[in-house]
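Input: a single structure, listed below in structure tokens.
Residue numbers (the working numbering), protein chains in the order written: chain A, 37 to 315; chain B, 1195 to 1574.
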């Protein structure tokens, strides 16, 4: 184990919001100076935090992160105690992005590896164009609900949507949300549909797991429901275990509801649509 | 100090910033908050336009229309004044105070408080006056013409606009703010948002690709689109749908929003029978009012009563976050959550569903845009 060396960076020195390029410069300088745990205070929607960082460091964000959090990064761990805007983990290669809050549209766009774990709700087009190669398998876990086009054009990896409502489970709303600040007993299930229309529309690789039922009219083009087997349980367990650890909820509670598995109808569903395919 | 050897810090990104703030108790608040909200999203603009719309400004002239103009010179002002005298009684006029030294060149900004001669069709008269000034009086541009409201805009950074008009000294109960990143049309004073007609003001992030269709539809209805910007069609469409179409006042905003971003036919097929009938009727009747292309908008209006609406396209291609303060006194809309959290640390925030409007109307329950449209209201 390498020794943890912490540094705190104030993103609002003298009451003025630091521009994202300045902030990223400071982060990179801290990494060069041997710090491996960087705490960012007073973040107010700065974009591109941790962009392209290849070192195995941890960035802890207090406040609301802006667009493109952790974009292009390889092996970084980012923990956000607040919300993250759009394009969280855009083209992520490796690492772990954890959000104790909501993160809206286009999370994990074109991700090629790594894990994205979000406690709260998502927006549209989660995991669009996500892909996998051999051991590189991106995983997105959403604790709450997501909107339209979840897993659109997905080519690999895994998206899990749990439909858990954490909104009543925060012990002290004035403090930043951490693991300790979540009361596991007050976590509830969302009633009704937790995904919207066009789920996995145009999917041609990878799987989407939705906790609970998915009505057929919400399925996107070329997406089909598949039987949930023991093998799937095995695949899901590590990701769910990590989720339960991070967000302080018992694993049994997650397993209480059955999962719906969604996969592409075939390995090349669009083969005959756009190109001439001799058979 | 500016560096000549390094890349400038303010780089262009592709978005507009929008923000809205509405005090649900109708208490007037200073513009400081909305200024802070729009300033935090500085990455979203590139200094080619910013603007504010404010409601509840003129307690002395509540019943008069306030025609606020930007003018090239006094000659243009006299031309406007002469034109106004033909159709209205000018009750009062004043120069809008601005701060020197923010921008080198700026126009003359003037406002007239007027009563129309034709009281019955007052709204239509003012609408036509606004259209005429913008189309036909050289050197004059009408910013707004509503009651108890005004629009402040120009071709600068939003923060500079706030300084220029001294927004923090103005008090209003409803505010909207826009910082512009022009994509299709050049940045100019008239092209900045909000676009306003009568008591409606629209700020917009995105683009309306159905501009041509909408423009032709509006031409049939007597609106001239001469400002070279797609957003103006939204303002005119909204004015037509809300004021002229004669829908029940309680649901008129929801119907207008449904016409701008109607549900898909496949979703209409699954609706309960009564709603299905209405959604079909709206889609067919206002076929040409459908706004296509990515957009998220904030509409502020005083018709039929003060209302703030946040709306987006059906695929949610532009961001919009809504929030209510913990004491439920203030309603917020913004492109990014950080803008809301800059002024209020509320935990009561949400992202509205694609194509469904968030509507906060004075004295009514807030429609959060997360349920079926027109829900719970029976339409006869």
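Don't be surprised by glycine CBs; every beta carbon is placed ideally from N, CA and C.
Fill in: Inter-residue spacing [alpha-carbon to alpha-carbon] between residue 1533 of chain B and residue 199 of chain A
Position 339 of the second chain, counted from the start, is the residue given in the question as residue 1533 of chain B. Position 163 of the first chain, counted from the start, is the residue given in the question as residue 199 of chain A. Using only the alpha carbons, I get a separation of about 27 angstroms.
Worksheet item: DSSP state of residue 1451 of chain B, grouped into three classes?
Response: Stepping through the second chain from its first residue, residue 1451 of chain B is reached at position 257. Helix.
Item to complete: Kindly list the residues whose CB is nearer than 6 angstroms to the CB of residue 43 of chain A, restricted to its own chain and excluding five residues on each side of it in sequence; keep chain order.
Response: Taking the first residue of the first chain as 1, we reach residue 43 of chain A at position 7. Hits under 6 angstroms: 66, 71 and 74.
Practice prompt. Anything in chain A within Cβ reach of residue 1452 of chain B, meaning under 9 angstroms, just list it in chain order.
Written response: Translated into positions along the second chain, residue 1452 of chain B becomes position 258. Neighbours of residue 1452 of chain B on chain A: none; closest Cβ ~17 angstroms, over 9 angstroms.
Worksheet item: What residue ranges within the region 43 to 72 of chain A form continuous alpha helix (DSSP H) runs of no fewer than 4 residues, ordered along the chain?
Response: Complete alpha helix (DSSP H) runs here, min 4: 56 to 68.
Discussion item. Checking the sheet assignment: what are the DSSP bridge partners for residue 1373 of chain B?
Written reply: On the second chain, position 179 is the one that residue 1373 of chain B refers to. Note: residue 1373 of chain B sits in a beta bridge opposite B/1211 and B/1244.
Worksheet item: Any idea what DSSP makes of residue 1303 of chain B, helix, strand or coil?
Response: Within the second chain, residue 1303 of chain B is the residue found at index 109, counting from 1. DSSP, reduced to helix, strand and coil, places residue 1303 of chain B within a strand of the structure shown.
Discussion item. Tell me whether the region 187 to 202 of chain A and the region 259 to 277 of chain A touch, counting them as touching only if at least three CB pairs, one residue from each stretch, are closer than 8 angstroms.
Written reply: Touching, yes, given that three or more Cβ pairs across the two stretches are closer than 8 angstroms.
Worksheet item: Which residues of chain A have a Cβ atom closer than 7 angstroms to the Cβ of residue 1482 of chain B, listed in chain order?
Response: Taking the first residue of the second chain as 1, we reach residue 1482 of chain B at position 288. The contacting residues do not exist; residue 1482 of chain B stays about 25 angstroms from chain A at best.
Fill in: Counterpart residues of residue 245 of chain A in DSSP-defined beta bridges
Within the first chain, the letter at position 209 stands for residue 245 of chain A. Residue pairing by DSSP puts residue 245 of chain A in a beta bridge opposite A/196 and A/297.
Worksheet item: Hey, which unbroken runs of the alpha helix (DSSP H) at 4 residues or more fall wholly within the region 135 to 171 of chain A?
Response: Counting whole runs of 4 or more residues, the region 135 to 171 of chain A contains no alpha helix (DSSP H) stretch at all.
Discussion item. Does the CB of residue 199 of chain A have a neighbour CB from chain B at under 8 angstroms?
Written reply: Locating residue 199 of chain A in the first chain gives position 163, where the first residue counts as 1. At a cut-off of 8 angstroms, the C-beta of residue 199 of chain A has no neighbouring C-beta in chain B.
Worksheet item: Do residue 1491 of chain B and residue 1480 of chain B have their C-beta atoms closer together than 8 angstroms?
Response: Your numbering for residue 1491 of chain B matches position 297 in the second chain. Your numbering for residue 1480 of chain B matches position 286 in the second chain. No, Cβ-Cβ distance for residue 1491 of chain B and residue 1480 of chain B is not below 8 angstroms.
Fill in: Residue from B/1544, B/1444, B/1470 and B/1364 with nearest C-alpha to residue 1247 of chain B
Sequence index remark: in the second chain, residue 1247 of chain B carries index 53 (1-based). Considering only alpha carbons, the answer is B/1364.
Worksheet item: So which residues on chain A does residue 1507 of chain B lean against when the C-beta distance must stay under 8 angstroms?
Response: For the purposes of this step, residue 1507 of chain B is taken as residue 313 along the second chain, with counting starting at 1. The premise fails here: residue 1507 of chain B is roughly 11 angstroms from chain A at the closest Cβ pair, so nothing lies under 8 angstroms.
Worksheet item: What's the gap between the Cα of residue 305 of chain A and the Cα of residue 239 of chain A?
Response: The residue given as residue 305 of chain A occupies position 269 in the first chain. The residue given as residue 239 of chain A occupies position 203 in the first chain. Linking residue 305 of chain A to residue 239 of chain A through their CA atoms gives a straight-line distance of about 8 angstroms.
Discussion item. Against residue 186 of chain A, what residues of chain B qualify as contacts under a CB-to-CB distance less than 7 angstroms, listed in chain order?
Written reply: As a working mapping, residue 186 of chain A is identified with position 150 in the first chain. Simply none; closest approach about 12 angstroms.
Fill in: Chain-ordered chain B contacts of residue 160 of chain A [CB-CB under 8 angstroms]
Within the first chain, numbered from 1, the residue matching residue 160 of chain A stands at position 124. Taking the beta carbon of residue 160 of chain A as reference, the chain B residues within 8 angstroms of it are 1509, 1510 and 1548, listed in sequence order.
Worksheet item: Using the beta-carbon of each residue, which ones in chain A are nearer than 8 angstroms to residue 1235 of chain B?
Response: Along the second chain, one-based indexing puts residue 1235 of chain B at 41. Per Cβ cutoff of 8 angstroms: 81.
Item to complete: Look up residue 1399 of chain B in the DSSP assignment and say whether it is helix, strand or coil.
Response: Position 205 of the second chain holds residue 1399 of chain B. DSSP places residue 1399 of chain B in strand when its eight states are reduced to three.
Discussion item. For residue 229 of chain A and residue 1350 of chain B, I'd like the C-alpha separation in whole angstroms.
Written reply: Here the question's residue 229 of chain A lines up with position 193 in the first chain. Here the question's residue 1350 of chain B lines up with position 156 in the second chain. Roughly 45 angstroms between the two C-alpha positions.
Item to complete: For the alpha helix (DSSP H) holding residue 306 of chain A, just list the boundary residues, first then last.
Response: Within the first chain, the letter at position 270 stands for residue 306 of chain A. Boundaries cannot be given for residue 306 of chain A, as no alpha helix (DSSP H) includes it and DSSP labels it neither H nor E.
Item to complete: Pair every Cβ in the region 1353 to 1370 of chain B with every Cβ in the region 1412 to 1422 of chain B, then say whether three or more of these pairs are closer than 8 angstroms.
Response: Result no; under three Cβ-Cβ pairs closer than 8 angstroms.
Worksheet entry | Contact list for residue 121 of chain A against chain B, beta-carbon separation under 8 angstroms | As a first step, residue 121 of chain A is located in the first chain; it is residue number 85 there, counting from the start. Using a Cβ-Cβ cut-off of 8 angstroms, residue 121 of chain A is close to 1513, 1530, 1531 and 1532 of chain B, given in chain order.
Practice prompt. Pick out whichever of B/1309, B/1478, B/1450 and B/1442 has its Cα sitting closest to the Cα of residue 1459 of chain B.
Written response: If you number the second chain from 1, residue 1459 of chain B lands on position 265. Nearest option by C-alpha distance: B/1478.
Worksheet item: Excluding five sequence neighbours on each side, which residues of the same chain lie with their C-beta closer than 6 angstroms to the C-beta of residue 1354 of chain B?
Response: Position 160 of the second chain holds residue 1354 of chain B. Only residues of its own chain outside the window of five on either side were considered, and among them 1296 have a CB closer than 6 angstroms to the CB of residue 1354 of chain B, listed in chain order.
Discussion item. Strictly under 8 angstroms for the Cβ-Cβ distance: is residue 1545 of chain B near chain A by that measure?
Written reply: Here the question's residue 1545 of chain B lines up with position 351 in the second chain. So, interface residue.
Worksheet item: Roughly how many angstroms lie between the CA atoms of residue 227 of chain A and residue 105 of chain A, to the nearest whole one?
Response: As a working note, residue 227 of chain A is residue 191 in the first chain. As a working note, residue 105 of chain A is residue 69 in the first chain. For residue 227 of chain A and residue 105 of chain A, the distance between alpha carbons rounds to 30 angstroms.
Worksheet item: Expressed to the nearest angstrom, what Euclidean distance is found between the alpha-carbon atoms of residue 1292 of chain B and residue 233 of chain A?
Response: Counting from one through the second chain, the residue named residue 1292 of chain B turns up at place 98. Counting from one through the first chain, the residue named residue 233 of chain A turns up at place 197. For residue 1292 of chain B and residue 233 of chain A, the distance between alpha carbons rounds to 50 angstroms.
Worksheet entry | Under 8 angstroms by beta carbon: chain B residues contacting residue 102 of chain A | The sequence position of residue 102 of chain A within the first chain is 66, counting from 1. Against chain B, the beta carbon of residue 102 of chain A has neighbours under 8 angstroms at 1237, 1530 and 1532, listed in chain order.
Item to complete: Determine the DSSP secondary structure at residue 1406 of chain B, reduced to helix, strand or coil.
Response: The residue labelled residue 1406 of chain B in the question sits at position 212 within the second chain. Note: residue 1406 of chain B maps to helix in three-state DSSP.
Worksheet item: Does residue 240 of chain A come within less than 8 angstroms of chain B when only Cβ atoms are used?
Response: Here residue 240 of chain A is taken as the residue at index 204 of the first chain, counted from 1. Not an interface residue.
Item to complete: Spell out whether any CB of chain A is found under 8 angstroms from the CB atom of residue 1536 of chain B.
Response: Along the second chain, read from residue 1 onward, the residue named residue 1536 of chain B stands at position 342. Look at residue 1536 of chain B: its C-beta is under 8 angstroms from a C-beta on chain A.
Fill in: Three-state secondary structure (DSSP) of residue 1586 of chain B
Residue 1586 of chain B lies beyond the residue range present for chain B, which begins at 1195 and ends at 1574; the question has no answer from this structure.
Practice prompt. Can you have a look at residue 40 of chain A and say buried or exposed, based on whether 16 or more other CB atoms are within 10 angstroms of its CB?
Written response: Within the first chain, the letter at position 4 stands for residue 40 of chain A. Exposed is the call here.
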